[in-house]
Amino acid sequence: MPEPDGRSTATIEQRAEHVRERANWMRRRFLRMIVDAGQGHPGGDLSATDILATLYFDVLRIDAANPMAPDRDRFVMSKGHCTGALYTAMAGRGLFPEEDLNSYLQPRSRLNGHPNRTYLPGVETNTGPLGHGFPVGVGIAVAGQIDEADFRTFVLTGDGELQEGSMWEAAMFAGHRGLGKLTVIVDRNRLQQGAKTEDTNGLEPLGDKWRAFGWEVVGVDGHDHAALLNAFDDACEPREKPRVIIADTCKGKGVSFMENQAGWHHGVPNPEQYAQALAELEAEMA
Amino acid sequence: MGAVTKPDTAMFDCREAYVRTVEEMAATDERIVAVVNDSVGSSKLGKFRDRFPHRLINVGIAEQNMVGVGAGLANGGKVPFVSGASCFLTARAMEQIKADCAYSRANVKLCGISSGVAYGELGATHHSIEDVAWLRAIDGMTVIVPSDPWETEQAIRAATAHEGPVYIRLSRMPVPALERSNPHFEIGKSEILHEGGDVAIIANGTMVHRAIKAAKALASEGVGARVINMATVSPIDTAMLADAAKTGAIVTVEEGLKQGGLGGAVAEFCAENAPVPMRVLGFPGFVPTGSASWLMDEFGLNAAGIATAARELLGKRA
């Protein structure tokens, strides 16, 4: 299974720079998609972008020409509503043509509001209702464990999503099975659709909860590409327990007026706001 | 083509045929795994666990996770038989069945054990009379209700060969082995087990042998009742239904809710394509305390009740 292009560069700084550039492209691209479609989930997309960019442009061993190869790494987007970030990452990795991004949410588009594996090879399971992707990811990892396969399984969850009971059923079972090739990333932006997680149904102490369920817990700045790369490099080492990377993130990251604002969970920028967002993102790469 | 049921002394628990078949297939097909919710005993999978310890995945009492894990195992190239009491498997994990299995077109085989009112006195929490109505409403979900050990084995083998999600509704209620002059099982195809041209009795699962008994009683009165074993409820055998409607009277009978199940599926087709007077036999809703066999008798889900419904229907038509 080929390594992603970013891996061919030698140093962590070079790899991080590659991911940073791709993440910036993703943000600019999906904001355009959301403006064109008149809907989307920009807050969560921006929160998850750096995690997805790190996975798709450095970590995941997948062959874009053969996205269903049995020995591929699996990535499961449990927080299925953040398709702007997911689809740009997939297109950027070559899983489908970039121009298809223009069809986002259009009638009969393969780019549905939530990912659908029957439309889009490379999506592992259809998600959208919260609490689904993680158990499926656990099942994938169990299949790999039975076969002593080399592939790794990665699952990205929202933090609000951890209020679903099925997530803890899956966490308990993965810990019990010692699924060492399973890595969960929690997009810990502390905001759910309408309010802060801690004001709604608090998750803290979150690391302790995972540890109690038999997991290794790593905390990381979810927008620091070098830190994410180090966490994933470490997570890919053989081990006895599943690992959770609790990625501290900022909902709306990269667009000043969206940052930490619950209202941008599924807001759509007007033309002036879009121009400002683009200018900020372009300035970041200048 | 008539069928003769063996004497009531030879009765079978279809779970035995289920586990025997899964074990046989697993011996030669590495992909086959069993997933259970602490139900190794009630699913009778103890021997499977002993023979294939690494292929028995017990998630504990967690049905949502069980079905999600099943979908994940399918993603990893396995053919998972996900077994649990049908009341919990279907109701508790309904969204996982919809999204992870059906909508995702995952190759998962769901086996609902002790369906219908098999749990009798345990009450409506443990009855699974809504499952067929729920699951046949889900696009792409194949729903099979086998009637005896032979058909259970055929259904399990056909489900394995079929690429996509399947729900197989098993019972723990003893049933006789039906005799067939031309045994052939195919998903989506029904069979005639008793010939007749005056009325069609469409049944599945534990009700088929009762329907045959009813047809024999009706035959002695000069009424020709055609008994159709409609094992696959979705996709339903529309050619057989169109033919059945030509008799001019259809009785459906199932160990399940009157609304939305086999009877509902037959009525939907006939109302649009071949309007015909019908009687739908099943449970009207939550049922009172009682054993499974008492409940079936109480609600007319026995040979006498089926024959009475057919007579009334024919009388009404006359």
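Protein chains in written order, with full-length UniProt numbering: chain A, 1 to 286; chain B, 1 to 318.
Think of the CB as a built atom: it goes at the ideal place given N, C-alpha and C, for glycine as much as any other residue.
Where the beta strand (DSSP E) containing residue i begins and where it ends
{"i": "Ala-106 (chain B)", "result": "Looking at the DSSP string, Ala-106 (chain B) is not in any beta strand (DSSP E), and its letter there is neither H nor E."}
{"i": "Asn-229 (chain B)", "result": "225–229"}
{"i": "Arg-188 (chain A)", "result": "182–188"}
{"i": "Leu-193 (chain B)", "result": "191–194"}
{"i": "Ala-200 (chain B)", "result": "199–203"}
{"i": "Thr-153 (chain A)", "result": "153–158"}
{"i": "Asp-221 (chain A)", "result": "216–221"}
{"i": "Phe-75 (chain A)", "result": "74–77"}
{"i": "Phe-86 (chain B)", "result": "The sequence shown places Ser at residue 86 (chain B), rather than the Phe named in the question. Segment 86–92 is the alpha helix (DSSP H) holding Ser-86 (chain B); no beta strand (DSSP E) there."}
{"i": "Gly-144 (chain A)", "result": "First-last for Gly-144 (chain A): 133–147, but that is the alpha helix (DSSP H), not the beta strand (DSSP E)."}
{"i": "Tyr-167 (chain B)", "result": "166–169"}
{"i": "residue 290 (chain A)", "result": "No information on residue 290 (chain A) is available, as it lies outside the stretch 1 to 286 that chain A covers here."}
{"i": "Gly-282 (chain B)", "result": "278–283"}
{"i": "Asp-139 (chain B)", "result": "No beta strand (DSSP E) holds Asp-139 (chain B); DSSP gives it neither H nor E."}
Limits of the unbroken alpha helix (DSSP H) element including residue i
{"i": "Ser-220 (chain B)", "result": "208–220"}
{"i": "Leu-135 (chain B)", "result": "131–136"}
{"i": "Pro-271 (chain A)", "result": "271–285"}
{"i": "Asn-230 (chain A)", "result": "225–235"}
{"i": "Leu-257 (chain B)", "result": "Segment 250–257 is the beta strand (DSSP E) holding Leu-257 (chain B); no alpha helix (DSSP H) there."}
{"i": "Phe-52 (chain B)", "result": "Taken as a continuous stretch (DSSP letters only), Phe-52 (chain B) belongs to no alpha helix (DSSP H), as it is neither H nor E."}
{"i": "Ile-51 (chain A)", "result": "42–54"}
{"i": "Tyr-18 (chain B)", "result": "14–28"}
{"i": "Ser-293 (chain B)", "result": "292–298"}
Cβ-Cβ distance between residue i and residue j below 8 Å
{"i": "Lys-144 (chain A)", "j": "Gly-76 (chain B)", "result": "Here residue 144 (chain A) turns out to be Gly, not Lys, going by the sequence shown. For Gly-144 (chain A) and Gly-76 (chain B), yes; Cβs fall inside 8 Å."}
{"i": "Pro-165 (chain B)", "j": "Thr-142 (chain B)", "result": "yes"}
{"i": "Ala-170 (chain A)", "j": "Val-138 (chain A)", "result": "yes"}
{"i": "Arg-169 (chain B)", "j": "Gly-205 (chain B)", "result": "yes"}
{"i": "Val-251 (chain B)", "j": "Arg-279 (chain B)", "result": "yes"}
{"i": "Val-199 (chain B)", "j": "Thr-247 (chain B)", "result": "yes"}
{"i": "Ser-115 (chain B)", "j": "Ser-83 (chain B)", "result": "no"}
{"i": "Pro-42 (chain A)", "j": "Gly-84 (chain A)", "result": "yes"}
{"i": "Pro-242 (chain A)", "j": "Ala-174 (chain A)", "result": "yes"}
{"i": "Ile-192 (chain B)", "j": "Val-227 (chain B)", "result": "yes"}
{"i": "Tyr-56 (chain A)", "j": "Ala-89 (chain A)", "result": "yes"}
{"i": "Val-40 (chain B)", "j": "Val-59 (chain B)", "result": "no"}
{"i": "Ala-159 (chain B)", "j": "Lys-109 (chain B)", "result": "yes"}
{"i": "Phe-48 (chain B)", "j": "Ala-26 (chain B)", "result": "yes"}
{"i": "Val-117 (chain B)", "j": "Leu-295 (chain B)", "result": "yes"}
{"i": "Thr-125 (chain A)", "j": "Ala-71 (chain B)", "result": "yes"}
{"i": "Thr-153 (chain A)", "j": "Arg-74 (chain A)", "result": "yes"}
{"i": "Leu-135 (chain B)", "j": "Tyr-167 (chain B)", "result": "yes"}
Contact set between residue i and chain A, taken where Cβ atoms lie within less than 7 Å
{"i": "Val-59 (chain B)", "result": "Phe-173"}
{"i": "Ala-34 (chain B)", "result": "Residues of chain A passing the Cβ test: none, with the nearest at roughly 12 Å."}
Contact list for residue i against chain B, beta-carbon separation under 7 Å
{"i": "residue 287 (chain A)", "result": "Summary: the structure shown does not reach residue 287 (chain A), with chain A confined to residues 1 through 286, and so no result is reported for it."}
{"i": "His-132 (chain A)", "result": "Gly-68, Gln-96, Ala-99, Asp-100"}
{"i": "Arg-72 (chain A)", "result": "What Arg-72 (chain A) touches in chain B: nothing, since even the nearest Cβ is about 10 Å away."}
{"i": "Glu-21 (chain A)", "result": "Going along chain B, no residue has its Cβ under 7 Å from Glu-21 (chain A), so there is no contact; the nearest lies around 32 Å."}
{"i": "Glu-169 (chain A)", "result": "Ala-62, Gln-64, Asn-65"}
Chain-ordered chain B contacts of residue i [CB-CB under 9 Å]
{"i": "Ile-245 (chain A)", "result": "Simply none; closest approach about 20 Å."}
{"i": "Thr-118 (chain A)", "result": "Tyr-103, Ser-104, Arg-105"}
Contacts of residue i in chain A (Cβ-Cβ under 8 Å)
{"i": "Ala-91 (chain B)", "result": "Near Ala-91 (chain B) there are no residues of chain A at all, since even the closest Cβ is about 14 Å away, more than 8 Å."}
{"i": "residue 353 (chain B)", "result": "Residue 353 (chain B) lies beyond the range of chain B shown here (1 to 318); nothing can be said about it."}
Interface partners of residue i on chain A, CB under 9 Å
{"i": "Gln-154 (chain B)", "result": "Correct list: empty, because the minimum Cβ distance to chain A is about 27 Å."}
Chain-ordered neighbours of residue i on chain B, where CB pairs are closer than 8 Å
{"i": "Gly-137 (chain A)", "result": "Gly-72"}
{"i": "Gly-144 (chain A)", "result": "Gly-76"}
{"i": "Glu-124 (chain A)", "result": "Asn-75"}
{"i": "residue 303 (chain A)", "result": "Since the displayed chain A opens at 1 and closes at 286, residue 303 (chain A) lies outside it and no answer follows."}
{"i": "Ser-78 (chain A)", "result": "Neighbours of Ser-78 (chain A) on chain B: none; closest Cβ ~10 Å, over 8 Å."}
Q) Are the region 85–104 of chain B and the region 125–144 of chain B in contact at 8 Å, needing three or more beta carbon pairs? A) Taking 8 Å as the limit for Cβ pairs, the verdict is that the region 125–144 of chain B does touch the region 85–104 of chain B.
Q.
By the 8 Å beta-carbon criterion, what residues does the region 94–117 of chain B contribute toward chain A?
A. Flagged, chain order: Glu-95, Gln-96, Ala-99, Asp-100, Tyr-103, Ser-104, Arg-105, Ala-106.
**Q.** Contacting positions in the region 42–55 of chain B - beta carbon closer than 9 Å to chain A
**A.** Close to chain A, meaning a Cβ-Cβ distance shorter than 9 Å, are the following residues of the region 42–55 of chain B: His-54, Arg-55.
Q: Can you give me, in chain order, the residues of the region 306–317 of chain B that have a beta carbon less than 8 Å from any beta carbon in chain A?
A: Hits within the stretch: zero.
Q. Looking at chain B, which residues of the region 40–56 of chain A have a Cβ within less than 8 Å of any of its Cβ atoms?
A. Those residues of the region 40–56 of chain A that come within reach of chain B (Cβ to Cβ, closer than 8 Å) do not exist; the list is empty.
Q.
Quick check: the region 121–141 of chain A against the region 97–105 of chain A, are at least 3 beta-carbon pairs closer than 8 Å?
A. Three or more beta-carbon pairs separated by less than 8 Å are not found between the region 97–105 of chain A and the region 121–141 of chain A, which leaves the two stretches without contact.
Q. Is the region 57–68 of chain A in contact with the region 79–98 of chain A, if contact means three or more CB pairs nearer than 8 Å?
A. Counting Cβ pairs under 8 Å, three or more are found: they touch.
Q: Tell me, please, whether the region 12–24 of chain B touches the region 38–58 of chain A by the rule of three or more beta-carbon pairs shorter than 8 Å.
A: Flag = no, the region 12–24 of chain B and the region 38–58 of chain A do not touch.
Q. Do the region 299–307 of chain B and the region 260–277 of chain B meet, that is, are 3 or more Cβ pairs less than 8 Å apart?
A. No, the region 299–307 of chain B does not touch the region 260–277 of chain B.
Q. Does the region 174–189 of chain A touch the region 93–110 of chain B, meaning 3 or more C-beta pairs lie closer than 8 Å?
A. With the cut-off at 8 Å, the region 93–110 of chain B and the region 174–189 of chain A do not touch.
Q. Three or more beta-carbon pairs under 8 Å between the region 209–223 of chain A and the region 268–278 of chain A, yes or no?
A. Taking 8 Å as the limit for Cβ pairs, the verdict is that the region 268–278 of chain A does not touch the region 209–223 of chain A.
Q: Indicate whether the contact test is met: 3 or more Cβ pairs, each with one atom in the region 182–197 of chain A and one in the region 104–113 of chain A, closer than 8 Å.
A: As far as the Cβ criterion goes, the region 182–197 of chain A does not touch the region 104–113 of chain A, which means the pair count is below three.
Q: Closer than 8 Å, Cβ to Cβ, to anything on chain B: give me those residues from the region 155–168 of chain A, in chain order.
A: Going along the region 155–168 of chain A in chain order, one finds Gly-165, Ser-166 with a Cβ nearer than 8 Å to chain B.
(Q) Check whether the region 224–242 of chain A and the region 12–31 of chain A touch, using three or more Cβ-Cβ pairs below 8 Å as the test. (A) Contact between the region 224–242 of chain A and the region 12–31 of chain A is present, with at least three C-beta pairs closer than 8 Å.
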